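Taking our numbering, the leading residue of the sequence shown gets 93, the next gets one more, and so forth. Heads up, the thing below is written out as structure tokens.
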Amino acid sequence: MAIPVVPDWAAPAVGDYLQRLQTQRRLSEHTVEAYRRDLAQFFDYCDRFGVDSVSGVDRTVARRFLAFLDTRGYARRSLARKASAVRAFYTDGVKRGLWDVNPFDGVKRPKLDRALPHALPSRTVAHALDGIDVSTPQGMRDRAILETLYASGMRVSELVSLTTRDVGSDTVTVVGKGSKKRVVPLGAPARQALDDYLATGRPALAGSDAGDALWVGDRGRPMDTRGVRRVVRKHLATFPHAVRHSFATHLLEGGADLRTVQDLLGHTDLATTQIYTAVSRRHLRETYERSHPRA
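Here it is as structure tokens:
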């Protein structure tokens, strides 16, 4: 299916909005591109519907757009994301006085079944990490990547942006969403894996283009998110975000309070962190039913 293009009549407003998302809100290129695609799809639909101005979109068009997506088989989560992107665009315009109303006001939001994140069993993680062959520079790097992910709970985008200067003696400085910095402690296994990698593994891998990037690929260049995903898939048969889920879930199961987990994850809203309490309760229930003689 062809990628929609923003119609000429909407392009200036959309371009200005995306530029401000990147420069003022400091959203990542990946996030800004997702906004661009969703807005392009919406205004392409409006153009086909006969609309020829951004302010000419009304609630009827907004509702028909969501109904159109529904008939095309989009998942509820995709519907909600697209509606949220366009709603945010119009909310921003109303605040700046570009138009008077948000056509998505009063439009029912797609309901989402809140899926619980998948957390790996702690023994599975430990067995996989301990089983990595660290006799090679690549093995040292892979072990250090996975130990750091599991010890810190950081996002994969945060991990690949780390430099050698961000690593302290027992902490790592993480730059999260909105360029907000947080300092995350590292446990002994992660500190040891990082020390070994920095002392032996990275110098053997780093080429002239490595700069001060912490993680270096097999060709001597800084690793990107795709490279880290390959490492996680190779050793844990899952995705980096599952390691983040496991970090949060295992902390709560071990007695950590929700506010601490929120700070470690870099969540702005505590409600985002609270989903892990459901995972922890599920674990407790399963343990109880498996262990108690009269469960």
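We treat Cβ as the ideally placed atom computed from N, Cα and C, and that holds for glycine. Only a predicted model underlies this, so the values are computations on that prediction, with no experimental measurement involved.
Note to self: Cutting at 7 Å between CB atoms, please list the residues of its own chain near Q284, excluding the five before and the five after it.
What the structure shows: none
Notebook entry, point to check: What do you reckon, are the CB atoms on L278 and S244 nearer than 8 Å?
Noted result: yes
Next item on the list: Measure the beta-carbon distance from R313 to G293 and round it to whole angstroms, keeping in mind my assumption that it falls under 8 Å.
Entry: Incorrect: roughly 15 Å between the Cβ atoms, too far for contact.
Item checked: contact_flag[the stretch 340–351, the stretch 260–267] where n(CB pairs < 8 Å) is 3 or more -> no
Note to self: Considering only their Cβ atoms, is the gap separating P202 from A408 smaller than 8 Å?
What the structure shows: Only positions 93 to 387 of the chain appear in the structure, and residue 408 is not among them; the question remains open.
Next item on the list: Report the residue ranges of all alpha helix (DSSP H) runs contained in full by the stretch 219–279; include only those spanning at least 4 residues, in chain order.
Entry: 229–244 and 248–252
Item checked: Nonlocal neighbours in the same chain, by C-beta distance under 6 Å from D225, ignoring five residues either side -> G231
Next item on the list: Would you kindly work out how many angstroms separate the C-alpha atoms of L119 and A159, rounded to a whole number?
Entry: 29 Å
Margin query: Within the continuous alpha helix (DSSP H) that includes K174, where are the two ends?
Written below: R168 to K187
Next item on the list: Counting only the same chain and skipping the five closest in sequence on each side, list residues whose C-beta sits under 6 Å from that of V98.
Entry: V106, A132 and F135
Check: Would you call the CB atoms of D34 and H327 closer than 8 Å?
Finding: Here the chain covers residues 93 to 387 and nothing more, so residue 34 does not appear.
Check: Apart from the five residues just before and just after D288, which ones in its own chain have a Cβ nearer than 6 Å to its Cβ?
Finding: M232
Next item on the list: Spell out the partners DSSP gives P314 in its beta bridges.
Entry: V308
Next item on the list: Could you tell me which of G346, Y137, T317 and L344 sits nearest to H333, measuring between CA atoms?
Entry: T317
Checklist line | Supposed close pair R151, G198 - CB separation, criterion 8 Å | finding: 6 Å
Check: From D100 to L286, what distance separates their C-alpha atoms?
Finding: 51 Å
Next item on the list: Give every residue of the same chain whose Cβ lies closer than 8 Å to the Cβ of D192, excluding the five residues on either side of it in the sequence, and list them in chain order.
Entry: S147 and V186
Next item on the list: Using three-state DSSP, classify I95 as helix, strand or coil.
Entry: coil
Next item on the list: State yes or no: is the C-beta of G358 within less than 8 Å of the C-beta of V275?
Entry: no
Margin query: Does chain C have any CB closer than 8 Å to the CB of D162?
Written below: Among the chains in the structure shown there is no chain C, since it carries only a single protein chain.
Next item on the list: Go ahead and pull the three-state DSSP assignment for V153.
Entry: helix
Next item on the list: Could you check the C-alpha separation between P281 and E239 for me, to the nearest Å?
Entry: 7 Å
Item checked: Other residues of its chain near V153: CB distance less than 7 Å, five sequence neighbours each side excluded -> C138, F141, V143 and P195
Checklist line | Backbone secondary structure at A387 - three-state DSSP | finding: Confidence is the limiting factor: at A387 the pLDDT is only 44, short of 50, which leaves the residue's position unreliable, though a coordinate-based value still follows. If DSSP states are grouped into helix, strand and coil, A387 belongs with coil.
Note to self: Rounding to the nearest angstrom, what Cα-Cα distance links D304 and T256 in this structure?
What the structure shows: 6 Å
Note to self: Let me confirm a value: R128 is counted as buried when at least 16 other C-beta atoms fall within 10 Å, else exposed. Which label applies?
What the structure shows: buried
Notebook entry, point to check: Apart from the five residues just before and just after V324, which ones in its own chain have a Cβ nearer than 6 Å to its Cβ?
Noted result: P332
Next item on the list: Just mark T183 as buried or exposed, buried being the case when its beta carbon has 16 or more other beta carbons within 10 Å.
Entry: exposed
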